[in-house]
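**Student:** In my numbering, the protein residues as written are 5 to 300.
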């Protein structure tokens, strides 16, 4: 039976860790963030002459970039499962998941990068984040606490529940295509906000929410896997969810592949794409009928 150490659980939720500027954890995450930006070929932030990781591993970063170039298009196991499902349901012209993203593989990375490296406030048309005594406060421009009346289900597979709205599969495909092509302003990474050449990227996160807790002697703990994708400017959203469900680590590592965890994985894979730019998408773009011809 797989046993997860208590310390690992605590680290995945950030319990006992401080991300306040000046703390060892914060400085470590800042250096780690710049290392990850460098491996993605994106601009780093600040003077890197004192960054031990980049100072010692410059040649390793170049080697990594070359391997990424040779493996362009490779997806981690969880993303491959999602992409295979999309291909099966939507056909050959289906949208594709991002193949390169800033992977939030440690708790606290999302929180650290949701604010500028040398600032306490990040503001955009989507969200305003500011540093406070308790950590970071995120205020999205729109904050719905219910899906009532707005939850739509594609017309494929099992029938939708009575309280949900069904949309044609073609409309769902187009919504997905638009979701995966956000405006460039939404892609600006808050960590590099205010720089002459700010980084623009996708951010992604792996979660393993517990579906069934362990009952000793009766059943093992069971969890599903969920992949989150968001434009760089929405990294604060992922700070929120990882603080509830915990960070499941790097999805590219075999040790984090739910497909190999036959004792604890429920067999379910979820995918959430943060796409605030979908608001206001005209129905003509989605091939939906005029209002007078539409069903409920």
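We put the beta carbon where it would ideally sit given N, CA and C, even for glycine.
These numbers come from a predicted model, not from an experiment.
Counting Cβ pairs, one atom from each stretch, are 3 or more of them under 8 Å apart for the region 207-220 and the region 63-72?
**Tutor:** As far as the Cβ criterion goes, the region 207-220 does not touch the region 63-72, which means the pair count is below three.
**Student:** Going by DSSP in three states, residue 216 sits in which element: helix, strand or coil?
**Tutor:** Strand, per DSSP.
**Student:** Taking the straight line between their C-alpha atoms, what separation do you get for residue 156 and residue 195?
**Tutor:** When rounded, the distance between both Cα atoms is 34 Å.
**Student:** Could you tell me whether the Cβ atoms of residue 4 and residue 270 are closer together than 8 Å?
**Tutor:** What the structure shows of the chain is the stretch from 5 to 300, and residue 4 is not part of that stretch, so it cannot be assessed.
**Student:** Give me the residue from 276, 291, 256 and 277 with the minimum Cα distance to residue 4.
**Tutor:** As displayed, the chain neither begins before 5 nor continues past 300, which places residue 4 out of reach and without an answer.
**Student:** Buried or exposed for residue 246, going by 16 or more other Cβ atoms inside 10 Å?
**Tutor:** With 16 or more Cβ atoms within 10 Å of its Cβ, residue 246 is classed as buried.
**Student:** Restricting to Cα atoms, I'd like to know which of 119, 190 and 129 is closest to residue 141.
**Tutor:** With distances taken between Cα atoms, residue 141 lies closest to 119.
**Student:** What residue does the beta strand (DSSP E) around residue 285 start on, and which one ends it?
**Tutor:** Segment: none, residue 285 is in no beta strand (DSSP E) and carries neither H nor E.
**Student:** Buried or exposed, going by whether 16 or more other CB atoms sit within 10 Å of the CB of residue 177?
**Tutor:** Residue 177 should be labelled buried.
**Student:** Is residue 263 helix, strand or coil by DSSP?
**Tutor:** In the structure shown, residue 263 sits in a helix (DSSP, three-state: H, G or I).
**Student:** Which first and last residues belong to the beta strand (DSSP E) in which residue 16 is found?
**Tutor:** Taken as a continuous stretch (DSSP letters only), residue 16 belongs to no beta strand (DSSP E), being part of the alpha helix (DSSP H) at 10-17.
**Student:** Taking contact to mean at least 3 C-beta pairs separated by less than 8 Å, is the region 113-128 in contact with the region 167-184?
**Tutor:** Touching, no.
**Student:** Name the two residues that bound the continuous alpha helix (DSSP H) containing residue 56.
**Tutor:** Segment 56-74, the alpha helix (DSSP H) holding residue 56.
**Student:** Just reading off the beta strand (DSSP E) that residue 91 is part of, what are its end residues?
**Tutor:** Per DSSP, residue 91 belongs to no beta strand (DSSP E); it is in the alpha helix (DSSP H), 81-94.
**Student:** Write down the C-beta distance between residue 57 and residue 48 rounded to the nearest angstrom, noting that I regard them as a contact closer than 8 Å.
**Tutor:** With a Cβ gap of about 11 Å, residue 57 and residue 48 do not count as contacting.
**Student:** If you count every other CB in all the chains shown that lies within 10 Å of the CB of residue 233, and 16 or more means buried, which is it?
**Tutor:** Flag for residue 233 reads buried.
**Student:** Taking C-beta to C-beta, are residue 275 and residue 212 nearer than 8 Å?
**Tutor:** No, these two residues do not count as a Cβ contact at 8 Å.
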